[in-house]
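Below is one structure, written out as structure tokens, with a few remarks after it.
Numbering (the numbering used here), first residue to last: 66 to 279.
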């Protein structure tokens with residue numbers, strides 16, 4: 066099993082990319098509000114993975130609303146496949162490019178996360194983004210192991226299904242995701258959330274595994 070307590074982040078000013086290290090995996094992370102940069106990422110992923118069915122971890126963050134029953138507009142969209150992560154600062158995008166819209170509608174990709182349907186609906190209502198195929202990894206896990214899970218969170222599933230030990234610090238979760246420049250703690254948190262969703266989705270849907278890590 067991985068030394069899963071360790072994670073870290075570094076920034077490369079030459080490439081303007083972050084390197085997030087988690088559970089022995091290095092995840093190249095692009096944070097952007099530029100449509101051209103988003104298009105480059107999509108083109109790279111499509112050329113690497115576009116020919117066969119694949120899962121993509123999808124997650125959304127927004128600034129906490131003081132009224133718990135209400136929700137602010139989505140500030141970031143995170144997409145992760147394998148060791149590549151894109152964090153789109155939706156709040157500040159010059160425009161959302163057709164490449165991203167096309168990527169979300171690509172029938173080869175299934176977008177996965179906890180209650181991902183809610184995130185997809187939020188993105189549609191707020192930004193007009195649609196998604197061709199999504200799967201709630203919590204629902205898939207409960208279907209596969211009905212006696213094992215009641216209402217597991219991402220942290221629970223990451224550990225039980227993949228043996229990944231996630232930290233989800235509250236002060237980062239509840240931070241200002243509308244910040245013009247995300248801090249390294251936010252980038253690391255957002256990346257690992259999407260990566261964990263990807264890993265769980267890949268194990269459940271692509272590997273079709275019925276073996277739990279724990």
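Don't be surprised by glycine CBs; every beta carbon is placed ideally from N, CA and C.
- By the Cβ neighbour-count rule, residue 236 is exposed, with fewer than 16 other Cβ atoms within 10 Å of its own.
- Taking a 10 Å sphere around the C-beta of residue 257, we find 16 or more other C-beta atoms and assign the residue as buried.
- Between the region 213-230 and the region 261-274, the count of C-beta pairs closer than 8 Å reaches three or more; the two stretches touch.
- When the Cα atoms are used, residue 242 and residue 196 turn out to be separated by approximately 23 Å.
- Annotated as distal: residue 177 and residue 103, with beta-carbon spacing of 8 Å or more.
- The Cβ-Cβ distance between residue 255 and residue 223 does not fall below 8 Å.
- Straight-line spacing of the CA atoms in residue 199 and residue 75 works out to 31 Å.
- Per the DSSP secondary-structure output, residue 121 pairs in a beta bridge with 176.
- One Cα belongs to residue 174, the other to residue 119, and the distance between them is close to 5 Å.
- Contact check between the region 143-150 and the region 109-123: three or more CB pairs, one atom from each, fall below 8 Å, which counts as touching.
- Distance check between residue 201 and each of 130, 186, 212, 86 places 186 closest, using alpha-carbon atoms only.
- Under a 10 Å Cβ-count criterion, residue 251 is classified as buried, with 16 or more other Cβ atoms of the shown protein chains found around its own Cβ.
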